[in-house]
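Taking full-length UniProt numbering, I'd label the letters of the sequence shown as residues 1 to 457.
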Amino acid sequence: MKQISIGKILIVDDERNIRELLTIILNKANFDAVSTDDGHKALDIIQTDRIDLVIQDLRMPKMDGIQLLKKIKDSFPRLPVVVITAFSSWDTAVEAMRLGAFDYIKKPFKNESIIDLATRAIEQSKLLADLTQEGFGDRYRINSLIGNHPKMQEIQNLIRKIAPTDATILIQGESGTGKELVARAIHFCSSRARQPFIAVNCGAFTETLLESELFGHKKGSFTGAIADKKGLFEAAEKGTVFLDEIGEMSQKMQVKLLRLLEEREFMPVGSLESKHVDIRIISATKRDLSKEIANNRFREDLFYRLNVIPILLPPLNERKEDIPLLAGYFLAKYSKTFGKDVRVIDKYVINNLIHHTWPGNVRELENLIQRAVALSDDETIRSVDLLQFSFDKTVSATQKDELPPEGIELEDFIATIEKNYILQALQRTNWHFTKAAKLLGLTFRSLRYKINKYQIK
């Protein structure tokens, strides 16, 4: 079955081996990769073809990589560009990012790093494009917050009340509980819905980089500042800025953010003039900010400014009745994404999902269903599709010698246990088949048959 392409990527590099390697890596990952060896040809391709991402070298003979990057960002400001560099110099990477590059990667690179970077860049590009389309907000309205648990119903009702206001909101919860999804729902239910929603992870930047990203900078304000740069606060004019991991923000940045909240104005780095901005701030953290305040790591006055409306998201293991609903939603989502006809999750699998503790919360569940759909060759997700995943209580029924009230699929249950023990034996013996077979009381031939049957790799 032919898979749907994730996006079209243009590779620009004068080294043939790099172009060919990237093309192979990306095509195998379900991208559509094309390539060229110089910047002039690249600009022609971008003009005539629909390109979702450019991956380009910084050092090329016919057109310098920085020059190409400038031309792309001037003509196609929303087209994400990832730059490849053989230099370990931070200044080179910073210069490219100041000019608008989505990110950079150093040679030699890992296959998975390229794939992850390409995926993130294209997703962001498509989100920005969708913001201009009619009805985009419907995807992120309150009904996208799936759950019948009373706490989730309470949060949905709260969003309906606070979205039309401009009150600042602090969303608290463990990693993976859906803090950004709540922020998006608030934005798209508000009068700012047709304006930008910009999410920033405060823990992903150094203090200097975060200051420049949020507030912008003037040309010459620091080494590498070769041009004026508009900050994200200014770029989000009349929209919403979501500051994730606000607890990671430095004291200096906290002071600047407090002024913005109080005065609705800020000064770009290196500027002596203030700029007024009309934005809504929604912040989120997994930290206990009251403890951070007690330890003098977070400003109390800023906390009160941010925490006008607090929202506390429960972990997934506290709303287990929502797990079947969420699993069904992700099943439909990724069946469509991968162009597959996977419609059902086996009831034994659902039972395992409900009894798992989910330390990674909703994000962990989504990743699991995504992987299961990708690997499934049937219309039903069965235990065999999840054998690489370790459930907390997969064998709880055998430990109690009790049949669960809802019953089980015995063949799937036995297959899960068998696969689990085979994997343990192989890992314990360093994948020595003869030794593993002895541990399991099997012949070498029987073990090899079961390894092939369960597709153990």
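Don't be surprised by glycine CBs; every beta carbon is placed ideally from N, CA and C.
Please confirm whether residue i and residue j have their CB atoms less than 9 Å apart.
{"i": "Ala42", "j": "Leu68", "result": "yes"}
{"i": "Ala51", "j": "Ile114", "result": "One detail in the question is off: residue 51 reads as Ile in this sequence, not Ala. Cβ atoms of Ile51 and Ile114: not closer than 9 Å."}
{"i": "Met249", "j": "Leu257", "result": "yes"}
{"i": "Arg319", "j": "Leu331", "result": "no"}
{"i": "Ile309", "j": "Thr168", "result": "yes"}
{"i": "Glu211", "j": "Val200", "result": "no"}
{"i": "His276", "j": "Arg264", "result": "yes"}
{"i": "Ile279", "j": "Val241", "result": "yes"}
{"i": "Val82", "j": "Ile105", "result": "yes"}
{"i": "Glu418", "j": "Tyr348", "result": "no"}
{"i": "Lys229", "j": "Gly216", "result": "yes"}
{"i": "Leu243", "j": "Ala193", "result": "no"}
{"i": "Val269", "j": "Ser221", "result": "yes"}
{"i": "Asp38", "j": "Lys62", "result": "yes"}
{"i": "Asp49", "j": "Leu10", "result": "yes"}
Taking its Cβ as the centre, do 16 or more other Cβ atoms sit within 10 Å of residue i, making it buried, or is it exposed?
{"i": "Ser35", "result": "buried"}
{"i": "Leu312", "result": "exposed"}
{"i": "Ala236", "result": "buried"}
{"i": "Val12", "result": "buried"}
{"i": "Lys400", "result": "Only weak support is given to the placement of Lys400: the predicted model assigns it a pLDDT of 45, under 50, and the value that follows is read from those uncertain coordinates. Burial call: exposed."}
{"i": "Arg184", "result": "buried"}
{"i": "Leu306", "result": "buried"}
{"i": "Ile159", "result": "buried"}
{"i": "Leu209", "result": "exposed"}
{"i": "His356", "result": "buried"}
{"i": "Thr380", "result": "exposed"}
{"i": "Tyr334", "result": "buried"}
{"i": "Arg16", "result": "exposed"}
So residue i and residue j are supposed to be a Cβ contact under 8 Å. How far apart are they, rounded?
{"i": "Leu22", "j": "Ala33", "result": "7 Å"}
{"i": "Thr416", "j": "Ser446", "result": "Between Ser446 and Thr416 the Cβ distance is about 18 Å, and since that is not below 8 Å, they are no contact."}
{"i": "Leu260", "j": "Phe233", "result": "7 Å"}
{"i": "Lys179", "j": "Ile186", "result": "Actually they are not in contact, since the Cβ atoms of Lys179 and Ile186 sit about 11 Å apart, beyond 8 Å."}
{"i": "Gly203", "j": "Glu245", "result": "4 Å"}
{"i": "Ala96", "j": "Ile66", "result": "7 Å"}
Nearest to residue i by CA position, among the options, is which residue?
{"i": "Arg448", "options": "His356, Ile422 and Leu214", "result": "Ile422"}
{"i": "Leu325", "options": "Ile350, Lys340 and Ile309", "result": "Ile350"}
{"i": "Leu439", "options": "Ile451, Leu426 and Ser190", "result": "Leu426"}
{"i": "Val362", "options": "Glu321, Glu15, Asp385 and Asn420", "result": "Glu321"}
{"i": "Tyr329", "options": "Pro315, Pro310 and Glu366", "result": "Glu366"}
{"i": "Glu300", "options": "Lys340, His276, Gln251 and Lys347", "result": "Gln251"}
{"i": "Thr119", "options": "Thr48, Phe31, Ala101 and Lys161", "result": "Phe31"}
{"i": "Pro359", "options": "Pro314, Glu379 and Thr165", "result": "Pro314"}
{"i": "Ile18", "options": "Ile66, Ile45, Asp57 and Leu316", "result": "Asp57"}
{"i": "Lys218", "options": "Ile24, Leu289, Leu99 and His432", "result": "Leu99"}
{"i": "Thr165", "options": "Ile282, Ala437 and Asn430", "result": "Ile282"}
{"i": "residue 468", "options": "His432, His149 and Gly247", "result": "Because the chain in this structure spans residues 1 to 457, residue 468 falls outside the shown range and cannot be described."}
So for residue i, helix, strand or coil by DSSP?
{"i": "Leu306", "result": "helix"}
{"i": "Lys286", "result": "coil"}
{"i": "Tyr334", "result": "helix"}
{"i": "Tyr454", "result": "coil"}
{"i": "Leu53", "result": "strand"}
{"i": "Lys438", "result": "helix"}
{"i": "Thr443", "result": "coil"}
{"i": "His355", "result": "helix"}
{"i": "Glu409", "result": "coil"}
{"i": "Lys419", "result": "helix"}
{"i": "Ala96", "result": "helix"}
{"i": "Glu245", "result": "coil"}
{"i": "Glu211", "result": "helix"}
{"i": "Leu145", "result": "coil"}
{"i": "Gln156", "result": "helix"}
{"i": "Ala374", "result": "helix"}
{"i": "Ile226", "result": "coil"}
Taking 8 Å as the cut-off, is the beta-carbon of residue i closer than that to any non-hydrogen atom of the ligand COA?
{"i": "Glu237", "result": "This structure does not include the ligand COA; it has no bound ligands of any sort."}
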